[in-house]
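Residue numbers (our numbering): 85 to 368. In this text, a Cβ means the ideal position worked out from N, Cα and C, and glycines have one as well. Data block below; observations after.
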Amino acid sequence: MRSNFSLENSFSIIDAMVNDSRFEILEYPMLNGGNSLESAIAFKYMKDSNIKLRQVRILLNDSAVKLESGSLSFLKGDIDIASKIGGVLGIGKKFISSKLNKESMIKPVYTGSGAIYLEPSFNHYLLLELDDEEIIVEPGMFYCCENSVNVSTAILNSVSSSLFSNEQIFQTKLSGSGIVVLESPVPANEIMKFRLCDDFLKIDGNFSFLRTEDVELTVEKSTKTFIGSAASGEGLLNVFSGTGEVWLMPTKSVYDDLEKEGHKLMITPSKSYGKDVENTTDDE
85 MRSNFSLENS FSIIDAMVND SRFEILEYPM LNGGNSLESA IAFKYMKDSN IKLRQVRILL
145 NDSAVKLESG SLSFLKGDID IASKIGGVLG IGKKFISSKL NKESMIKPVY TGSGAIYLEP
205 SFNHYLLLEL DDEEIIVEPG MFYCCENSVN VSTAILNSVS SSLFSNEQIF QTKLSGSGIV
265 VLESPVPANE IMKFRLCDDF LKIDGNFSFL RTEDVELTVE KSTKTFIGSA ASGEGLLNVF
325 SGTGEVWLMP TKSVYDDLEK EGHKLMITPS KSYGKDVENT TDDE
């Protein structure tokens, strides 16, 4: 069949990782398909802000991967799809787990050889490879992984953590060996990674998103008394202790505030991102 237009793909591969399967992050340079004034205005703002569409592509070579349910866009090749439910008891466990960590109950497994394209979005994607280890991530961040990685639910250890932590009580546990893709609200260059060696990391906010298995999360007051904590304006702190890694995204609160309040933040220089701070003036 002949045509008078080019069908060459315009995306570029901005990141990739290979194990039994190859995981690629594709990025589209610009969207040009708008046919209305509203879409044209949106495209202009996205272009000015360097917001680009991205997509995960997985190349299978007689291998298997596990996807978050609903993330598939299309696939090409000899690839079988299976959903392991595990009987009535298995369904019950998966249903409870999905409600707790905000992820889908069933994660279909794709096996064979070919290419899998996941749904495009404006989010960022992080490629990680586990080597017989375990990490705990924020609910909703898991996107896909090799089938050798186990996906389950982790629960904060202490009662105080469960009641008072800014972190989610139920999180996602990823364990085993293989490549994992996480969906991130911030780009990789805005992520901070801290290595603890029998040490402590204390943060005020919910911008931590990953910790390794030997790092414990608890909650403590920022000062010795609740009155002192209230006076300091900080309150309760999330405390990470032990030996391992903790990953933070400090800029997340900025994006959250921009989504809620938009241009108002541009004209409020005293805004403290991620916290509610009142402007006060002293009468002369």
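- Listed as beta-bridge partners of residue 147 by DSSP are 196.
- Contact annotation: residue 140 and residue 109 have beta-carbon atoms nearer than 8 Å.
- For residue 113, the CB contacts under 8 Å within the same chain, skipping 5 residues up- and downstream, are 94, 95, 96 and 136 in chain order.
- Judged by pairs of C-beta atoms under 8 Å, the region 222–229 touches the region 255–275, as three or more such pairs exist.
- Annotation: residue 303 to residue 270 spans about 25 Å, alpha carbon to alpha carbon.
- In this structure residue 157 is in contact with residue 202, their Cβ atoms being roughly 6 Å apart against a cut-off of 8 Å.
- The alpha-carbon of residue 198 is positioned some 23 Å away from that of residue 234.
- Burial state of residue 322 is buried, judged by a 10 Å Cβ sphere holding 16 or more other Cβ atoms.
- For residue 219, the enclosing beta strand (DSSP E) has its first and last residue at 208–221.
- In the DSSP assignment, residue 127 falls within the alpha helix (DSSP H) that extends over 121–132.
- Proximity to residue 287 across 133, 166, 305 and 281 peaks at 305, based on C-alpha coordinates.
- Residue 285 and residue 338 have their C-alpha atoms spaced approximately 21 Å apart.
- When DSSP states are grouped into helix, strand and coil, residue 116 belongs to the coil group.
- Looking only at 277, 296, 164 and 272, the smallest Cα-Cα distance to residue 257 is reached by 296.
- Annotated as proximal: residue 301 and residue 324, with beta-carbon spacing under 8 Å.
- Assignment of residue 337 by DSSP, reduced to helix, strand and coil, places it in the helix class.
- In the structure shown, residue 290 adopts coil according to DSSP, grouped into three states.
- If you draw a straight line from the Cα of residue 103 to the Cα of residue 121, it comes to about 45 Å.
- The beta-carbon distance between residue 192 and residue 151, rounded to whole angstroms, is 6 Å. This is short enough to meet the 8 Å contact definition.
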